[in-house]
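Colleague:
Okay, here's the thing in structure tokens:
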């Protein structure tokens, strides 16, 4: 890990270079792949990482760096003025085979022999192409925003009863479980709500209306896609959605968080007439994100009982998920050890959503310092470093990911907390 020495100044260039350096310092190329007899990973992993810093004085500062087998030293995104879109990256959609398997991430996969569907953008100066890894359960952040918008339009209610899988619960309860412990059943329930309200509609076996895409377009977030779900609640590969149909990029994800963050400065790229969530819907979203149980990716407090634990972004673990002996139990998730020290300690609140499958790991959220700490920033990471690279069954990914989270947070603390707290 590199040191967190404070650079002379925080600006977009220094932030981008710091992010690039911290990724390279983790030596991701040495990650061992059990699908390849435990050898070091054949291809440098795909990592899409974005951060937006909110200094106490001055304008927000943002950077996005991207890595892949084609760009192992990293690309720095050229971000348009006013935190606009990335201008030098051609994003390609992830893909799967006819059996629904993710084929881009197999040890012997040959990208030059694969046909790629464009997602967004064009290659510009200093840029290149980037296969956008499937976001896994980070996709639930998009659905959370969509449900909030539906409620604000009067087409659903947070306290409205919603039946799915033989159970009737309030929409707010389904949403809470979808986010806090990543319930797939809750996700399916809310997908049925979007279809029942007419926000997503299919005809003749194809999608003909998708108001989530309309919302994201109105926010300028054109790489966010939530396509080809079904009225029965299907959103995975088996239903025709999933990999290659549901897409996110780190930059548009942090901008979605910027739109959600109730204490962030005004998002400069948004038009004056851009949609906004009501205070009630924003509060529902933030409540779920703040109560996140799965601190297993950029933060690692939930893994404190796992052998070889590596500290991540120093977030406080929500105590509501801990049993009397300190073990974590949230919905269908149980994690070992006495984790009470993580519920009482930590330097920051991390309101976030993770995603994890065999081939993918992601994490994105809002970081705010616990007083007297004052740092405030957004972070998003999407990668193909899924649970197949995990050192223990309780882990979501390689320990290198939480180590990266810790290193980035140390940088941000040095930059954003370098001045004395204002007196008043």
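Numbering (the working numbering), first residue to last: 1443 to 1866. Where is the CB? At the ideal position from N, CA and C, for every residue including glycine. All figures in this text were calculated on a predicted structure; none of them were measured in a lab.
Helix, strand or coil for residue 1538, going by three-state DSSP, please let me know.
Modeller: The residue given as residue 1538 occupies position 96 in the chain shown. Of the three classes helix, strand and coil, the one that applies to residue 1538 here is strand, per DSSP.
Colleague: Starting from the Cα of residue 1521, find the closest Cα among 1806, 1457, 1809, 1810 and give me that residue.
Modeller: Here residue 1521 is taken as the residue at index 79 of the chain shown, counted from 1. The residue with the shortest Cα to Cα distance from residue 1521 is 1457.
Colleague: What do you reckon, are the CB atoms on residue 1576 and residue 1685 nearer than 8 Å?
Modeller: Locating residue 1576 in the chain shown gives position 134, where the first residue counts as 1. Locating residue 1685 in the chain shown gives position 243, where the first residue counts as 1. A contact, by the Cβ cut-off of 8 Å.
Colleague: DSSP has residue 1829 in a bridge; who is on the other side?
Modeller: Residue 1829 sits at position 387 when you count from the first residue of the chain shown. Per DSSP, none; premise fails for residue 1829.
Colleague: Spatial neighbours of residue 1453 within its chain, please: CB distance less than 8 Å, with the 5 preceding and 5 following residues excluded, ordered by chain position.
Modeller: To locate residue 1453, count along the chain shown from 1; it is residue 11. Answer for residue 1453: 1503, listed in chain order.
Colleague: What three-state label does DSSP hand residue 1591 in the structure shown?
Modeller: Taking the chain shown and counting its residues from 1, one reaches residue 1591 at position 149. Helix at residue 1591.
Colleague: Tell me residue 1803's beta-bridge partners as DSSP assigns them.
Modeller: The residue given as residue 1803 occupies position 361 in the chain shown. DSSP output for residue 1803 lists 1798, 1825 as bridge partner(s).
Colleague: Rounded to a whole number of angstroms, what is the C-alpha to C-alpha distance between residue 1755 and residue 1645?
Modeller: Position 313 of the chain shown, counting from 1, holds the residue named residue 1755. Position 203 of the chain shown, counting from 1, holds the residue named residue 1645. In a straight line, the C-alpha of residue 1755 is about 45 Å away from that of residue 1645.
Colleague: Take residue 1753 as the anchor and find which of 1512, 1640, 1842 has the nearest alpha-carbon.
Modeller: Position 311 of the chain shown, counted from the first residue, corresponds to residue 1753. Looking at 1512, 1640, 1842, the one whose alpha-carbon comes closest to that of residue 1753 is 1842.
Colleague: Have a look at 1750, 1783, 1604 and flag the residue whose alpha-carbon is nearest the alpha-carbon of residue 1766.
Modeller: The count along the chain shown starts at 1 and reaches residue 1766 at position 324. Out of 1750, 1783, 1604, 1783 has the C-alpha closest to the C-alpha of residue 1766.
Colleague: Can you find at least 3 beta carbon pairs, one from the region 1538-1558 and one from the region 1665-1677, that sit closer than 8 Å?
Modeller: no
Colleague: Mapping the DSSP letters down to three states, classify residue 1645 as helix, strand or coil.
Modeller: Counting from 1 along the chain shown, the entry for residue 1645 is found at position 203. Reduced to three states, the DSSP call for residue 1645 is strand.
Colleague: Mark residue 1865 as exposed unless 16 or more other C-beta atoms lie within 10 angstroms of its C-beta, in which case mark it buried.
Modeller: Taking the first residue of the chain shown as position 1, residue 1865 is located at position 423. Below a pLDDT of 50, predicted positions are generally treated as unreliable, and residue 1865, at 42, falls in that range; no measurement from the model is reported.
Colleague: Let me know the secondary structure DSSP gives residue 1725 once reduced to three states.
Modeller: What you label residue 1725 is simply residue 283 of the chain shown in a count that begins at 1. Correct three-state label for residue 1725: helix.
Colleague: Using the DSSP secondary-structure output, state which residues sit across from residue 1533 in a beta bridge.
Modeller: Reading the chain shown from its first residue, position 91 is the one you call residue 1533. 1562, 1572, per the DSSP bridge assignment.
Colleague: How many angstroms separate the CA atom of residue 1481 from the CA atom of residue 1816?
Modeller: Start at 1 with the first residue of the chain shown, and residue 1481 comes out as number 39. Start at 1 with the first residue of the chain shown, and residue 1816 comes out as number 374. Cα atoms of residue 1481 and residue 1816: separation of roughly 42 Å, rounded to the nearest angstrom.
Colleague: With a threshold of 8 Å between beta-carbons, can residue 1674 be considered close to chain C, or not?
Modeller: This model lacks chain C altogether; it includes just one protein chain.
Colleague: According to the Cβ coordinates, are residue 1808 and residue 1785 closer than 8 Å?
Modeller: For the purposes of this step, residue 1808 is taken as the residue at position 366 of the chain shown. For the purposes of this step, residue 1785 is taken as the residue at position 343 of the chain shown. No, these two residues do not count as a Cβ contact at 8 Å.
Colleague: By DSSP, does residue 1610 sit in helix, in strand, or in coil?
Modeller: The residue you call residue 1610 lines up with position 168 of the chain shown. Residue state, collapsed to three classes: strand.
Colleague: Out of curiosity, what's the CA-to-CA distance linking residue 1771 and residue 1764?
Modeller: Locating residue 1771 in the chain shown gives position 329, counting from the first residue. Locating residue 1764 in the chain shown gives position 322, counting from the first residue. Their Cα atoms are separated by approximately 6 Å.
Colleague: Which ranges would you report for the beta strand (DSSP E) in the region 1638-1705 if only whole runs of at least 3 residues count?
Modeller: 1642-1645, 1648-1652
Colleague: Can you give me the C-alpha to C-alpha distance between residue 1572 and residue 1531, rounded to a whole angstrom?
Modeller: As a position in the chain shown, residue 1572 is number 130, starting the count at 1. As a position in the chain shown, residue 1531 is number 89, starting the count at 1. Using only the alpha carbons, I get a separation of about 7 Å.
Colleague: Considering only C-alpha positions, which residue in the set 1540, 1640, 1511 is nearest to residue 1682?
Modeller: Within the chain shown, residue 1682 is the residue found at index 240, counting from 1. For the residues 1540, 1640, 1511, the minimum Cα distance to residue 1682 belongs to 1540.
Colleague: In angstroms, rounded to a whole number, what distance separates the CA positions of residue 1478 and residue 1565?
Modeller: On the chain shown, residue 1478 is found 36 positions in, with the first residue counted as 1. On the chain shown, residue 1565 is found 123 positions in, with the first residue counted as 1. Distance from the CA of residue 1478 to the CA of residue 1565, rounded to the nearest whole angstrom, comes to 32 Å.
Colleague: Are three or more beta carbon pairs between the region 1698-1717 and the region 1505-1516 nearer than 8 Å?
Modeller: no
Colleague: Which of the three DSSP states, helix, strand or coil, is assigned to residue 1486?
Modeller: By one-based count along the chain shown, residue 1486 stands at place 44. The answer is coil: DSSP assigns residue 1486 none of H, G, I, E or B.
Colleague: I'd like the span of the alpha helix (DSSP H) that includes residue 1456, first residue to last.
Modeller: Within the chain shown, the letter at position 14 stands for residue 1456. Segment 1454-1467, the alpha helix (DSSP H) holding residue 1456.
Colleague: Taking the beta strand (DSSP E) that residue 1847 belongs to, which residues open and close that run?
Modeller: For the purposes of this step, residue 1847 is taken as the residue at position 405 of the chain shown. Not the beta strand (DSSP E): residue 1847 falls in the alpha helix (DSSP H), residues 1842-1858.
Colleague: Would the region 1721-1730 and the region 1597-1617 be scored as touching if the rule is three or more Cβ pairs under 8 Å?
Modeller: yes
Colleague: Give the single residue among 1601, 1743, 1689, 1498 whose Cα lies nearest to the Cα of residue 1907.
Modeller: Because the chain in this structure spans residues 1443 to 1866, residue 1907 falls outside the shown range and cannot be described.
Colleague: If you drop the 5 nearest sequence neighbours on each side, which residues of the same chain put their C-beta closer than 7 Å to that of residue 1562?
Modeller: Residue numbering aside, residue 1562 sits at position 120 when the chain shown is read from its first letter. Counting only Cβ-Cβ distances below 7 Å, and skipping sequence neighbours, we find 1533, 1664, 1665.
Colleague: Across which residues does DSSP place residue 1510 in a beta bridge pair?
Modeller: Here residue 1510 is taken as the residue at index 68 of the chain shown, counted from 1. Beta-bridge pairing links residue 1510 to 1513.
Colleague: Fully enclosed by the region 1738-1819, which beta strand (DSSP E) runs are 3 residues long or longer?
Modeller: Counting whole runs of 3 or more residues, the region 1738-1819 contains the beta strand (DSSP E) stretches 1770-1772, 1775-1777, 1790-1798, 1803-1811.
Colleague: In chain order, what residues of the same chain lie with their CB nearer than 6 Å to the CB of residue 1544, ignoring the 5 residues before and after it?
Modeller: If you number the chain shown from 1, residue 1544 lands on position 102. The residues are 1538, 1685, 1801.
Colleague: State the CB to CB distance for the pair residue 1780 and residue 1768, rounded to an integer number of angstroms; the pair is presumed to be in contact (CB under 8 Å).
Modeller: Position 338 of the chain shown, counted from the start, is the residue given in the question as residue 1780. Position 326 of the chain shown, counted from the start, is the residue given in the question as residue 1768. Rounded, the Cβ-Cβ distance is 3 Å, consistent with contact.
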